[in-house]
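Let me begin by presenting the structure, written as C-alpha cells, before commenting on it.
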Amino acid sequence: MNPETLAAELRRAGVAEVDGSSRRRAEYSTDASNYRVVPQVVAFPRHAAEVALACEVARRTGTPVTARGGGTSCAGNAVGPGLVLDFSRHLNRLLALDPEARTATVQPGLILAELQRAAAVHGLRFGPDPSTQARCTLGGMIANNACGPHALAYGRTADNVESLSLLLADGRSLDTRPLAELADPVGARLTELVRADLALIRTEFGRFSRQISGYSMEHLLPENGGNLARFLAGTEGSLAISTAATVTLVPRAAATALAVLAYPDMPAAADAVPAVLPYRPLALEGMDARLVEVVRRRRGPAAVPPLPAGGGWLFVETGGQTEAEAVAAAEQIVRAAGPAGSAVVTGSQAQRLWRIREDGAGLGGRTPANAPAWPGWEDAAVPPERLGSYLREFFALLAEHRMDGLAYGHFGDGCVHVRLDFDLADRPAFRRFLLDAATLVAGHGGSMSGEHGDGRARGELLPAMYSTAAIELFGAVKAVFDPANLFNPGVIVDPAPAAADLRLAAARPLTGSGGRSLGFAYPHDGGSLSAAVHRCVGVGKCRADLTAAGGVMCPSYLATGDETHSTRGRARVLQELANGGLITGGWRSPELAEALDLCLACKGCSSDCPAGVDMATYKAETLYQRYRRRPRPAAHYALGWLPRWSRLATRAPRLANAALRPAPLAALAKRAGGIDRRRPLPAFARQSFRDWFAGRPAAPGDPVLLWVDTWTNAFSPEVGQAAVEVLEAAGCSVRIPDQQVCCGLTWISTGQLDGARRQLRRSLDALAPALSEGLPVVGLEPSCTAVLRSDAVELLPGDDRARQLQAGTRTLAELLTERDWQPPSLAGVEAVAQPHCHQHAVLGFTADTALLARAGAQLQALGGCCGLAGNFGVERGHYEVSVAVAEQALLPAVRGAGPDTVLLADGFSCRTQLDQLSSRTGLHLAQLLASRLPARSPADDVPTSDPLNPARTLP
Ligand SMILES: Cc1cc2nc3c(=O)[nH]c(=O)nc-3n(C[C@H](O)[C@H](O)[C@H](O)COP(=O)(O)OP(=O)(O)OC[C@H]3O[C@@H](n4cnc5c(N)ncnc54)[C@H](O)[C@@H]3O)c2cc1C
Ligand code: SF4
Ligand code: SF4
C-alpha cells in the first residue's frame, strides 16, 4: 500500500496525526544505527486507543509496525518498512509516582531524565541510566533492556520493571502478571514452551548480567516467578507494544566520589575489574586515553580535568551517606586495585569527567586518525572476569582487519562500546568482520549485545552464541505473540541480514546545482558535503534540552518538539538528498526547504553535536544552491544586504530614520522586505562609530586593529566607543580599517555565498597592511568575529590572508586576558550573560568568564540562543519560534533578575531581542568594563609608557 493511501486509511480509522510525506519518512528512515529502512507512514498516537486503531489498520493491510521512542537505538531496532509509531510526542507523561512503594507508572514516551527529575524530589531515582537519558524514553529502554553505568548497582531495566500494559498483535490488550496467574492464552502457551525446554533455558540463558542478545527466556522459568514483564523487556518491540509501564525506583546515593584508576592500556584496565567488583561500586567504567585526547583536541586542554597518566582508565563511582564516606570508599578501591596512577575526585570535577564518559559514543565517532567510525560492533559483552583476555584478542582482530576504534564502556559488567572505521560501502568485508567478532565473543561466553539490543545488526549473529534449539525457541515464542510477524519484523526472529540496508552504502557525492561547485570547502570532511551530512549518526543529543548545562543545540527542536526541526531530522533529509532515495527534486526540493526553514543557523550543533554536524553551514549551502542565479526571497535582499543599506544610511542617518519612522512606511518596508510586522525596524545612530572615531587623537600603546562591524558602526556606536576606552585603558593603541569592512555574515546566512566571498575579499584588501604587520584584530560582534575565525577560511580556502585573519582575530575578552589586564573592580556586580550562539559554538566564553571573575563580578552565563539569531527572528514566518526560543533561557532569566542585575549581551541580535521582548536593556562587555574605568583626567593623556617600546614604563 502506498504511503498516501495508508495514511488516509489511518486517518479514516481515527488516528489523528499521521504523516506519509517523503520529508517525514526521511526523518524516520534511520535511528542511531547504520541502517536505512524507509517507513511508509509515521503516526503520533495521542492515547492508547489510537495505538490500537493504528495497529488494527496495520493488521488489516499487512503493514509492519515499529514502535519508536527517542530513536537512539544503535542497531536498527527502531526502524521499519511500514508504520512507525512515535510515542515520544504525546504518550510521554508520568502517570503516577508513589514514593512509599518506590514505583512510578509511566507512558512509554516519557524521557528518562524527566522521570529522574520527578523521582529526585523524593530522594529516589530509576536505577539504569543510559548515556542517552536526556532524550531516550522509558518505552525504548524497556524494549531494549537498556542499562548504563549504574546498572552495575541497580540492575538492568528488565530488573526494574514491575508490570506492563500491552497491546498484542491481534488487537487484544494485556496487563502482565506472573505466568501462572495470567488468564490470557499467552500464559498457558508460554508455560508450555518453557516446560518443554527447561534444561535448554537453564543452561543457555541468564549466564551473566549482560546477556542481552536474543529473548531473555530465563525470566519465564518457574524459579524466577514466570515473570512476563521482565521477559518482555529486551524484546525490542517484536512481541508486543507497551502503552504504559510501572517501574521500580531506588534511593539515590546521598554522596558520591569518583576514583580514576590509570593503567598502561585498556586490557590492563580490564584485568583489574575483578579486584574492584567485591567493593560493590555504583559504577565501574572503562575509558581509552585516546578518547580523552579527542576531547582535548576538540575543546581545548582546559576541557579535561587533570588525570593520572595512563593509556586506559577505570572510572569507579562510590557512594556514601557523606562525601567523606564516599571518598573513603574510593580510596579503599584505589588501594585494592593497584593502578599505575590514581586520583579521587568529587563534585564538579567528577561531573566533568562523567560528561566526557557520557559523550563517549559521539566522541568515538572518529578514530584517532580522524576517520569516521560507526556502530555495528559497538556493544558486545563478556563475563567481566574474561574482559582483559577478550580485549587483547579483540584488538588483535581489529589489527588483522586493519581497523581501529576507541573503546570505553561498562567494564564492571563486561560490556565494551567501540565504534569502528568500517568501510560500510564494502558489505562483504563488513559482514566478514562481524562473523569473526561474533565467534570471538561467543568463545569467551559473551553476548553480541550487552545493552543496545540486537536490532538489524546482530540478529544474524545469534547462532554464534545460541544453539539451534534456542533459536527455534525464539521463533516459537514469536509465534505465540505475533504469528503474522507484524511487530518489528527483521529483529531477533527471522532477522534481517546485518549487511543489508546500510545507509552509507547508499550515499552519493553531493555536488552543487547543475553539477557546479559547492559553496564551502568542507575541509574537515575531505571536501565532501555528503560526508559532512553523514556525520549525523543519529545519537539524538539534538533532541535533549542542554540549555541548563550551557548548551545551545537545538533551539528549534526545543521550541516545536518535532523531529523535523531537530538537527538530526534535517541531517536525515540532507542524507536522502545525497542518496536520491526520497528527496528527488535536488536542491530545490520543497522537503529540503521545509526541513531547514526553522533552523536558526545558530551553529549550536557545530559545537554541541558530538559528531560535529554543522547545520548552519549546510543551510547556507542549500540556500546558495537553491537560489544560485535565481530570484531570491525579499528578505535575502532586505536583510542579507543590510550592511550595504547601512553603509548608505550612515551617510544621512536622520533622513533614513525619518523615512522609516511613519507607521505606514515602516509597514510597507517590512512587507516588501519579508520582515515580520511585529518587529520594529532598528534606528540608525545619529553618528556612526567611524565618524566618531575619525575625530579622535590616536592613543599610545600596542597597536590593535578594531574590526568595525556593521552593527557597531551603524546601530550601536556606543559599544565601539566603550571598547576603545577599555582597550586604551589596557595599554592598546586602537586603529580601525581605512574603509568600512564586512565579514559577509548576512550574505552567508541567506546563502549568498558569492556575495559573502566578495565582501570578505574586499575586507581582506582593507586589512592587508594590518595583517602584514601582524596586528591582533579585535572583534566586538560575536557573529562577525566567528566568521573571521571560522567561515572565512571555509569560503576562501586558498587565501592565506583569510588564514592570517583567522589566527589574528580575538574577542575583546580574549585580547584583554591575553594581555593579563587587571580589569576595574566589578565587586558587587551581578551579571546575567547571554553568550551569543555563534560565540558559544566558535569562540567560546571562557575568556569572558575568566575576565569577569577577575573583576569580581558574580556571573550567571545562560545556555540557549536568544532566538533572534541574525535575520532568522526578523523574517516573516519565524516570529513565534523566535519568541519560543527566547523563552527557553533568556526571558525567564531576565524576569528572575533583580533590577540592578546587569544583562550582558555582546550580540546585537541578543540586545535587540531583549529590547523587543522585555523591558530591559542589554549591555556589551565593553560597556560594562568602560563604565567602571576610573574617570579620565587630562593627565591620563600623558603617555605612561614609551610609545615606541610599550614594555618600558616612563618615569
Ligand atoms: C550515544 C549513545 C549512547 C548510548 N548509551 C547507552 C547506555 O549507556 N546504555 C544503554 O543501555 N543504551 C545506550 N544507548 C542505546 C539507547 O539509547 C537505549 O537503548 C535507549 O534506551 C533507547 O531508547 P529510545 O527511546 O531512543 O528508544 P528507540 O530507539 O526509539 O527504540 C528502542 C526499541 O524500543 C522499541 N520501542 C519503543 N517504544 C516502544 C513501545 N512503546 N513498545 C514496544 N517497543 C517499543 C523500538 O521498536 C525499538 O526496538 C546509547 C545510544 C547512543 C546513541
Ligand atoms: S545531529 Fe548530532 S546530536 Fe543530533 S542526532 Fe545527529 S549526530 Fe546526534
Ligand atoms: S544551527 Fe541551530 S537551529 Fe539549526 S540545526 Fe543547528 S542547533 Fe538547530
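With the numbering used here applied, the sequence shown covers 516 to 1470. For each residue, glycine too, the CB sits at the ideal point set by N, CA and C. Bear in mind that the values here come from a model prediction, so they are computed numbers and not experimental data.
_Using 8 Å as the threshold, is the C-beta distance between Thr861 and Ala952 below it?_
no
*Are the region 1120-1139 and the region 1159-1178 in contact at 8 Å, needing three or more beta carbon pairs?*
no
*Taking the beta strand (DSSP E) that Arg805 falls in, what are its first and last residues?*
Per DSSP, Arg805 belongs to no beta strand (DSSP E); it is in the alpha helix (DSSP H), 804-814.
*Would you identify the three-state DSSP class for Val1048, choosing helix, strand or coil?*
helix
*Does the pairing of the region 712-728 with the region 586-593 give three or more beta-carbon distances under 8 Å?*
no
*Beta-bridge pairing of Gln1375 - partner residues as DSSP gives them*: Val1347
*If Thr1227 sits next to Leu1295, beta carbons under 8 Å apart, how far is it from one beta carbon to the other, in whole angstroms?*
5 Å
*Can you find a heavy atom of ligand 2 that lies under 7 Å from the Cβ of Arg934?*
no
*What is the DSSP secondary structure of Trp1207, reduced to helix, strand or coil?*
helix
*Where does His1151 sit, in a helix, a strand or coil, going by DSSP?*
helix
*Going by C-alpha distance, which of Val1223, Arg1277, Gly749 is nearest Ile1251?*
Val1223
*Would the beta-carbon of His1393 fall within 8 Å of that of Asp1191?*
yes
*Does the region 749-764 come close enough to the region 678-687 to have 3 or more Cβ pairs within less than 8 Å?*
yes
*Rounded straight-line distance, which links the Cα of Gly1065 to that of Thr1075*: 20 Å
_Straight-line Cα distance separating Ala783 from Phe945_ = 28 Å
*Curious, which full-length alpha helix (DSSP H) runs of at least 4 residues does the region 1022-1098 contain?*
1044-1048, 1070-1075, 1082-1094
_In the DSSP assignment, the alpha helix (DSSP H) including Ile1251 goes from what residue to what residue?_
Ile1251 -> no alpha helix (DSSP H), and no H or E assigned at all.
_Buried/exposed call for Pro1458, threshold 16 Cβ in 10 Å_ = Bear in mind that the predicted position of Pro1458 carries a pLDDT of just 37, short of 50, making it too unreliable to give a figure here.
*Just how far apart, CA to CA, sit Val533 and Leu525?*
7 Å
*For Thr983, does the count of other Cβ atoms within 10 angstroms reach 16, so buried, or fall short, so exposed?*
exposed
*asked:* Check for me: the beta strand (DSSP E) holding Ala558 runs from which residue to which?
replied: 556-558
*Could you spell out the range, first to last residue, of the alpha helix (DSSP H) harbouring Leu715?*
713-719
*asked:* Relative to the C-alpha of Lys993, which candidate in Ala979, Asp1009, Met980, Ala895 has its C-alpha closest?
replied: Asp1009
*Segment limits, alpha helix (DSSP H) that includes Phe1423*: 1423-1432
*asked:* Our contact map puts Leu630 next to Leu667 with C-beta atoms below 8 Å; I'd like the distance itself, whole angstroms only.
replied: Actually they do not touch by this definition, with Cβ atoms about 20 Å apart.
*Measure the CB-CB distance between Leu1290 and Leu1220 and report whether it falls below 8 Å.*
yes
*Please list, in chain order, all residues of the same chain as Ala896 whose beta carbon is under 6 Å from its beta carbon, the five residues on each side excluded.*
Arg725, Gly929, Cys930, Gly961, Ser962, Gly965
*Which residue or residues does DSSP assign as beta-bridge partners of Phe1002?*
Val580
*Can you give me the start and stop residues for the alpha helix (DSSP H) that Ala1281 sits inside?*
1268-1288
_Alpha carbons only, please: which of Cys651, Thr672, Glu908 is nearest the one belonging to Pro473?_
Absent from the structure is residue 473, since the part of the chain shown begins at 516 and ends at 1470.
*Look at the Cβ atom of Gln1373, then the Cβ atom of Glu1345, and state whether they are nearer than 8 Å.*
yes
*Who does Glu800 pair with in a DSSP beta bridge?*
Phe830
*In angstroms with no decimal places, state the Cα-to-Cα distance between Lys1056 and Ala703.*
43 Å
*Which of the three DSSP states, helix, strand or coil, is assigned to Ser646?*
coil
*In the structure shown, what three-state DSSP assignment does Gly655 receive?*
helix
_For Arg640, the three-state DSSP class (helix, strand or coil)_ = strand
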